[in-house]
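Working notes, structure below.
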Amino acid sequence: MRIVVFCCENSAYQAARQGQLPAEVDLIRLPCGGRVEVLHMLRAFERGADGVLVLTCQEDNCQSLHGSARARHRVEYAKEILQEIGIDPERLQWHPVTSNMGPRFRKIVADMIEGLKLASA
Amino acid sequence: MARWGAFICDGAGVDAASLAGEEVVVTTTLPSQPGDLACKLVGIGTRYNLDGGILIGVVPELVEDLLKDSLRQAGLDPFRLVLVDLRGRDAEGKDREIKAAFARARHLEPAAWAKSEVEQRALIIGGGAAGLQTALSLRQLGLPVLIVEGEQNLGGRLGRLDGLFPYDEDPKGWIQSALEALQDDPEVEILTASNPLALEGQVGDFTLTVQTPGGPVTRRGGAVVLALGSEVRWPAESGLEPGPRVVGLSRLDELTRFRLHHKKVAFLLDLDELGSRVGTLSALRGALRIKDNWGSEVHILCRHLKVDGKPLESMYRKARDMGVVFFKYEEFPKVTETGEKVFLQFQDPDLEYVVVDEAYDLLVVEEEILPAGEVLTEAWGISQPANVRLYPVETNRKGIYMVGCCRDEMDFPGAIQDGTVAAGEIYELLGQGALVYEEDMVKVQTEKCVFCLTCVRICPHGAAEIDLVQEAAFINPAACQACGMCAADCPAQAIVYKAYDNTGIMAQLELGGR
Amino acid sequence: MKASALVIGGGPAGLGAALELAGAGIKVYLVEKEAAVGGWGARYVCKATDKCRQCSACLIPEKIQEVYQQPLVEILTNTQVVGVEGEAGSFQVRLQREQTLDPALCNACGKCLEVCPKGAIDRLNPWAAAYRIDKEKCVAFAGEDCDLCARACPTGAINFQRPVVNLDASVELVVAATGHQPFDARRKYRLGYGRFPRVITGLELEEALNEIEGTDIFGDGRKPLDVAFIQCVGSRDVQEGAAYCSRVCCKYALRLAGLMRHREPETQVTFYYMDIQTGGKGFAEVYQECRDDFAFVRGIPARVEGGDRLKLHFDGVSGQSFATREHDLVVLSVGITPSPDNAELARLLTLNRDEHGFLKGREGIYVAGTAAGPRDISESLAHGMETAANAIINLEGREG
Amino acid sequence: MSVTATRLDPKFKYEVAAHPGGEEIKVCFACGVCTAGCPVSEIDPAYNPRKIIRMVLLGMREELLKSDLLWLCVNCYTCTAHCPQNVKFTNVIGALRDMAVKEGYVHPRFSGDVDEIDRFIQRLRRDMVLAAAQEKDAPTNLDPQGLLDQVTGK
Numbered sequence: 011m012r013i014v015v016f017c018c019e020n021s022a023y024q025a026a027r028q029g030q031l032p033a034e035v036d037l038i039r040l041p042c043g044g045r046v047e048v049l050h051m052l053r054a055f056e057r058g059a060d061g062v063l064v065l066t067c068q069e070d071n072c073q074s075l076h077g078s079a080r081a082r083h084r085v086e087y088a089k090e091i092l093q094e095i096g097i098d099p100e101r102l103q104w105h106p107v108t109s110n111m112g113p114r115f116r117k118i119v120a121d122m123i124e125g126l127k128l129a130s131a
Numbered sequence: 108m109a110r111w112g113a114f115i116c117d118g119a120g121v122d123a124a125s126l127a128g129e130e131v132v133v134t135t136t137l138p139s140q141p142g143d144l145a146c147k148l149v150g151i152g153t154r155y156n157l158d159g160g161i162l163i164g165v166v167p168e169l170v171e172d173l174l175k176d177s178l179r180q181a182g183l184d185p186f187r188l189v190l191v192d193l194r195g196r197d198a199e200g201k202d203r204e205i206k207a208a209f210a211r212a213r214h215l216e217p218a219a220w221a222k223s224e225v226e227q228r229a230l231i232i233g234g235g236a237a238g239l240q241t242a243l244s245l246r247q248l249g250l251p252v253l254i255v256e257g258e259q260n261l262g263g264r265l266g267r268l269d270g271l272f273p274y275d276e277d278p279k280g281w282i283q284s285a286l287e288a289l290q291d292d293p294e295v296e297i298l299t300a301s302n303p304l305a306l307e308g309q310v311g312d313f314t315l316t317v318q319t320p321g322g323p324v325t326r327r328g329g330a331v332v333l334a335l336g337s338e339v340r341w342p343a344e345s346g347l348e349p350g351p352r353v354v355g356l357s358r359l360d361e362l363t364r365f366r367l368h369h370k371k372v373a374f375l376l377d378l379d380e381l382g383s384r385v386g387t388l389s390a391l392r393g394a395l396r397i398k399d400n401w402g403s404e405v406h407i408l409c410r411h412l413k414v415d416g417k418p419l420e421s422m423y424r425k426a427r428d429m430g431v432v433f434f435k436y437e438e439f440p441k442v443t444e445t446g447e448k449v450f451l452q453f454q455d456p457d458l459e460y461v462v463v464d465e466a467y468d469l470l471v472v473e474e475e476i477l478p479a480g481e482v483l484t485e486a487w488g489i490s491q492p493a494n495v496r497l498y499p500v501e502t503n504r505k506g507i508y509m510v511g512c513c514r515d516e517m518d519f520p521g522a523i524q525d526g527t528v529a530a531g532e533i534y535e536l537l538g539q540g541a542l543v544y545e546e547d548m549v550k551v552q553t554e555k556c557v558f559c560l561t562c563v564r565i566c567p568h569g570a571a572e573i574d575l576v577q578e579a580a581f582i583n584p585a586a587c588q589a590c591g592m593c594a595a596d597c598p599a600q601a602i603v604y605k606a607y608d609n610t611g612i613m614a615q616l617e618l619g620g621r
Numbered sequence: 077m078k079a080s081a082l083v084i085g086g087g088p089a090g091l092g093a094a095l096e097l098a099g100a101g102i103k104v105y106l107v108e109k110e111a112a113v114g115g116w117g118a119r120y121v122c123k124a125t126d127k128c129r130q131c132s133a134c135l136i137p138e139k140i141q142e143v144y145q146q147p148l149v150e151i152l153t154n155t156q157v158v159g160v161e162g163e164a165g166s167f168q169v170r171l172q173r174e175q176t177l178d179p180a181l182c183n184a185c186g187k188c189l190e191v192c193p194k195g196a197i198d199r200l201n202p203w204a205a206a207y208r209i210d211k212e213k214c215v216a217f218a219g220e221d222c223d224l225c226a227r228a229c230p231t232g233a234i235n236f237q238r239p240v241v242n243l244d245a246s247v248e249l250v251v252a253a254t255g256h257q258p259f260d261a262r263r264k265y266r267l268g269y270g271r272f273p274r275v276i277t278g279l280e281l282e283e284a285l286n287e288i289e290g291t292d293i294f295g296d297g298r299k300p301l302d303v304a305f306i307q308c309v310g311s312r313d314v315q316e317g318a319a320y321c322s323r324v325c326c327k328y329a330l331r332l333a334g335l336m337r338h339r340e341p342e343t344q345v346t347f348y349y350m351d352i353q354t355g356g357k358g359f360a361e362v363y364q365e366c367r368d369d370f371a372f373v374r375g376i377p378a379r380v381e382g383g384d385r386l387k388l389h390f391d392g393v394s395g396q397s398f399a400t401r402e403h404d405l406v407v408l409s410v411g412i413t414p415s416p417d418n419a420e421l422a423r424l425l426t427l428n429r430d431e432h433g434f435l436k437g438r439e440g441i442y443v444a445g446t447a448a449g450p451r452d453i454s455e456s457l458a459h460g461m462e463t464a465a466n467a468i469i470n471l472e473g474r475e476g
Numbered sequence: 077m078s079v080t081a082t083r084l085d086p087k088f089k090y091e092v093a094a095h096p097g098g099e100e101i102k103v104c105f106a107c108g109v110c111t112a113g114c115p116v117s118e119i120d121p122a123y124n125p126r127k128i129i130r131m132v133l134l135g136m137r138e139e140l141l142k143s144d145l146l147w148l149c150v151n152c153y154t155c156t157a158h159c160p161q162n163v164k165f166t167n168v169i170g171a172l173r174d175m176a177v178k179e180g181y182v183h184p185r186f187s188g189d190v191d192e193i194d195r196f197i198q199r200l201r202r203d204m205v206l207a208a209a210q211e212k213d214a215p216t217n218l219d220p221q222g223l224l225d226q227v228t229g230k
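Residue numbers (the working numbering), protein chains in the order written: chain A, 11 to 131; chain B, 108 to 621; chain C, 77 to 476; chain D, 77 to 230.
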């Protein structure tokens with residue numbers, strides 16, 4: 011199984027480093043949630059990812075003001091595309107994770123893995 | 108082909124032999140002390156004529172900038188340093204983390220640094236306490252300033268106070284000494300009775316157009332400080348009308364200078380649900396003066412008394428000790444007015460069965476304090492939302508700061524703090540006389556740009572501009588704060604963010620699953 | 077600017093001051109007596125619900141990273157200031173660094189944790205890259221012969237033979253950002269802290285929520301679903317020598333309550349308070365949003381009785397005068413009190429203290445953050461910046 | 077109940093403050109800890125120290141001085157120990173009782189009776205504690221009524 015996690019380096023990327031990461035996780039560091047493109051998320055699925063997470067700052071806590079909001083909108087749009095091509099849109103999720111939310115990061119990843127295992131069983 | 112070195116920190120638990128690949132010309136282990144590490148890295152980089160390095164360790168981010176700095180000093184390209192953080196990874200995770208780093212490294216292009224001269228002058232709009240403090244601090248740091256003030260005199264709301272001031276300083280005296288420090292200084296220009304018309308340019312080189320009594324003038328500066336102050340507004344929605352028996356808190360200063368024979372005075376605070384710390388401060392100060400000067404019976408009605416600031420709790424206690432009675436109302440009091448008296452009817456929640464029905468000679472009402480100049484900031488695309496990353500004085504745009512009451516309700520020490528902090532930030536930005544930035548960090552491929560203005564519209568930092576000569580968008584490298592939003596949103600894929608370009612991101616995705 | 081500065085304390089104010097000073101080209105010795113920088117702020121939880129609640133706790137890891145990346149800041153952990161001599165513009169400072177565990181060598185592999193019989197090795201905060209030895213618990217520091225951890229350490233980071241080093245430095249200015257002490261809730265005996273396990277302080281709730289997702293903070297499956305917050309514990313209290321509002325408690329308590337409710341929507345929250353302080357940018361909105369979700373009782377309880385549930389004796393106004401109510405968790409919103417080190421610091425740095433015991437600066441020695449009075453994280457950061465800016469101004473004045 | 081302006085006496089709080097024992101009353105900020113810890117309030121919620129102070133500050137002289145509640149305080153000083161502002165409420169009650177007598181709201185004899193009751197209660201308390209103490213090794217169930225009968229000689 012492979013989970014691709016797009017992380018804002020100001021927040022989720024730091025949270026990811028607090029504690030053990032499951033082997034399934036590939037972290038992709040971005041300068042801001044606003045950098046993530048629909049294309050990146052779709053390409054991740056195309057290259058074999060079972061789940062994709064886009065983890066950014068809280069929306070009103072983004073260094074670039076609208077970066078997190080834009081990331082969320084793009085995830086919503088990409089989910090629609092996934093739906094159309096027959097991939098469960100729940101495989102793609104956006105969550106806000108601030109830099110000091112290590113436990114939350116691990117829970118989101120664990121929930122995703124759990125969900126994927128259930129879906130494939 | 109690029110020549111890469113792989114550097115493995117002590118304790119990373121990675122076998123150097125496993126990294127052998129064609130582009131790796133040297134692998135070595137490194138000490139963990141940041142200083143030693145930087146030295147060794149630079150030494151090896153120079154000796155093997157490397158193009159870049161992959162640093163594998165635990166928490167290498169902590170030393171990232173330090174290393175880049177050392178590399179730059181050694182004449183190497185700091186932007187071809189890829190860090191691999193192995194914290195929290197098992198053997199398989201480590202392997203994938205390293206592979207992804209190599210994938211990214213192959214696509215990294217060297218960075219070019221540019222340096223541009225800046226205007227060192229700060230353009231301060233607003234000559235109240237916060238604006239004056241910014242100017243004073245900047246002058247002490249040796250930077251020139253321009254102060255633009257709409258009124259005839261400097262001082263703002265502080266200048267209209269007389270005695271009703273709960274701090275050690277005397278407001279008039281403070282303004283006087285500020286003026287003395289500023290007015291004969293050749294590096295200070297003060298434009299009074301003047302209003303800003305337009306602001307153009309970017310950090311390091313702004314142009315401000317000001318309407319002065321003698322006509323419009325333009326001034327250039329490297330930073331802009333908005334010290335626009337606040338406006339006092341009568342709380343009309345409360346249904347109260349100002350009159351001889353009902354006055355606003357802001358009029359209390361002039362009123363209490365006279366000897367009046369009001370036997371009973373009431374203060375009504377928190378009309379807009381929450382009220383302000385500043386309002387409570389003036390009310391307490393006013394109540395104490397009324398007690399002193401008039402000997403009246405004073406009642407203060409509020410929802411929550413604000414005590415979270417230095418003199419507040421002690422003033423509150425002093426007021427109680429002098430016999431001021433406080434009521435914490437839950438339901439807004441019923442106010443009726445006859446020619447001679449103001450009647451307040453309210454329930455005292457501390458005595459639930461008692462409805463107090465009192466006649467007062469004077470009712471002092473807390474007004475709303477609203478930030479001033481919102482029209483201006485909106486027109487110029489400057490904002491300071493309640494975002495902790497901008498606290499205290501930064502705005503969405505680099506080189507533009509907001510200080511004092513135009514960004515939050517604030518007392519005098521708050522305004523002083525804002526002014527000082529802003530001056531410190533400007534000194535850091537402009538003190539060296541030049542800005543250093545990475546050229547083409549975010550680059551517009553002019554041939555692909557279709558002039559759709561998406562980047563101009565979405566750039567949160569106002570860094571995207573239109574270059575009429577090139578007929579394409581242009582990301583101002585000095586103002587850019589490297590979020591990459593424009594690159595993500597450009598419909599023509601014309602914008603490339605070098606360190607995080609699509610090829611690099613895609614290469615990391617190419618690795619595939621197991 | 078060629079100058080150097082000593083910043084004592086690596087909490088929010090110290091970090092803010094160090095970054096500001098270094099930004100102006102001043103070499104900074106950032107001295108922290110604990111094993112990692114970050115201070116109290118590094119132990120607080122992110123209180124965001126669906127929205128950011130502007131608690132600023134997330135800024136701490138970022139500022140830590142920034143100081144590590146700032147070449148002009150030399151971070152000295154496990155270090156204490158033992159002597160300061162001289163005057164503004166030329167201080168000679170003497171530092172003492174205890175280095176049994178060298179954080180630069182530690183890679184947090186965890187081997188020492190496994191062998192320590194006393195559980196004396198831990199991480200000071202989740203962002204600390206290295207472990208630390210808790211000297212209170214470690215038997216080797218108590219004089220016993222034990223070096224299990226040192227033998228287990230693969231990198232040689234732990235070495236009990238490593239001597240304490242003395243460092244001398246010449247600096248032009250000193251910033252004391254030595255922080256505060258949370259009020260000791262045991263002093264309010266009747267509120268049951270220290271006697272009943274489910275009476276905790278706000279700080280303990282912060283740390284507990286920081287370590288888990290959800291609200292099962294005791295790990296016993298009994299999620300607290302009926303929570304009482306008692307405000308002004310050790311603040312606005314003449315008897316405790318704290319005749320001031322601590323400024324932070326209303327904010328953190330409301331945010332923590334909001335967070336608990338966000339994590340567990342069935343949570344009932346009751347606030348026992350005198351006045352809610354709503355100052356600070358954006359906080360009024362936070363209060364207005366959560367006001368309808370919580371019960372507010374204007375009255376401070378006098379007594380908490382233990383049992384299966386905790387029984388509070390209080391006097392509420394508006395028709396509930398003298399009453400008792402049961403809750404399954406009581407959180408005491410403890411205030412900010414002057415650090416117990418302040419007396420020693422005042423002697424060492426020749427500083428005065430204000431009427432409450434907070435430090436006051438003098439020429440060349442500046443006091444920042446909660447060492448000077450109650451402040452929250454962002455206010456401390458800003459105060460650190462202001463203090464540093466003032467220091468730079470005075471330095472410029474002296475040079476120019 | 078509505079209190080009209082004419083019946084409120086703003087001078088009352090100063091008079092109480094000028095009376096020995098009442099000095100600190102004005103600094104009360106109504107946190108309610110006094111009532112929350114009061115053993116009398118626990119039995120009779122109508123007796124409420126916070127409200128009594130409020131009545132003084134508001135100037136409800138007559139309602140307060142003629143009130144029976146004034147005489148319920150058992151002088152245990154719990155409120156004084158708890159008060160964060162150092163209002164010594166037990167002393168305030170003393171001052172108010174004094175004023176009630178002086179201003180003729182109660183007969184001076186009544187004050188003496190209250191003293192008698194207090195002394196009697198102290199004796200009763202002592203006897204009950206001693207009775208319990210004598211049997212402290214054996215499990216006992218206190219019989220207050222029996223003890224009361226014993227003390228009053230019934």
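Note that CB positions come from ideal geometry on N, CA and C, so glycine has one too.
- Nearest C-alpha to B/Ala207 among A/Phe16, A/Asp36 and A/Gly29: A/Asp36.
- Taking every protein chain shown into account, the CB of B/Gln290 has fewer than 16 other CB atoms within 10 angstroms, so this residue is exposed.
- Neighbours of C/His389 in chain D, taken as residues whose beta carbon is under 8 angstroms from its own, are Ala112, Gly113 and Glu118 in chain order.
- Shown here, C/Thr291 sits in coil according to DSSP, grouped into three states, outside any helix or strand.
- Note on geometry: alpha-carbon atoms of C/Val324 and B/Gln452 lie some 34 angstroms from one another.
- In terms of CA proximity to B/Leu575, B/Val557 leads the group B/Val557, B/Gly234, B/Met592 and B/Gly322.
- Exposed is the label assigned to C/Asp368, since fewer than 16 other Cβ atoms lie within 10 Å of its Cβ.
- C/His432 has its alpha-carbon roughly 8 angstroms from the corresponding atom of C/Ala319.
- A direct Cα-Cα distance of roughly 37 angstroms separates C/Cys182 from B/Glu501.
- Around the beta-carbon of A/Ser78, 16 or more other beta-carbon atoms lie within 10 Å, marking it buried.
- The C-alpha of B/Val495 is placed about 25 angstroms away from the C-alpha of B/Cys562.
- Cβ proximity to chain B below 8 angstroms picks out Lys102, Val103, Cys104, Phe105 and Ala106 from the segment 97 to 109 of chain D.
- DSSP places C/Ser415 in no beta strand (DSSP E); its state is neither H nor E.
- In this structure, the alpha-carbon of B/Asn156 lies about 8 angstroms from that of B/Arg110.
- Under the DSSP definition of a beta bridge, C/Asn428 partners with C/Lys436.
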